[in-house]
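Single-structure report; data block below.
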Amino acid sequence: VTQAKVPDAIVRKLSADITEIMQMPDVKAKFATLGLDPNPQGPAEFDSFIAGEFSKWSRVIKQAGIVPQ
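Each residue of the sequence shown is one higher than the last, beginning at 456 in the working numbering.
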């Protein structure tokens, strides 16, 4: 996750570096000890995931009648 308007080249570089790091055996092992199974995604996939989560939780909040306090 970065600020809006970060140049695409920087976003792609960060994504590639993070994906590479997440594939390292020691990093995978540390996440496993925490009960986590990371799933690194590219920028487009992550955007799609966030949009889906926003849509899903917006419906849940509306159906539950939750209002901001």
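Where a beta carbon is used, it is the ideal one built from N, C-alpha and C, also for glycine.
What first and last residue would you give for the alpha helix (DSSP H) that runs through Met479?
-> Neither: Met479 is in no alpha helix (DSSP H) and is coded neither H nor E.
State the Cα-Cα distance for the pair Lys485 and Ile521, rounded to the nearest angstrom.
-> 37 Å
Can you tell which of Gln518, Gly497, Ser513, Met479 has the C-alpha that lies nearest to the C-alpha of Asp463?
-> Gly497
Complete runs of the alpha helix (DSSP H) confined to the segment 477-515 [at least 4 residues] = 480-488
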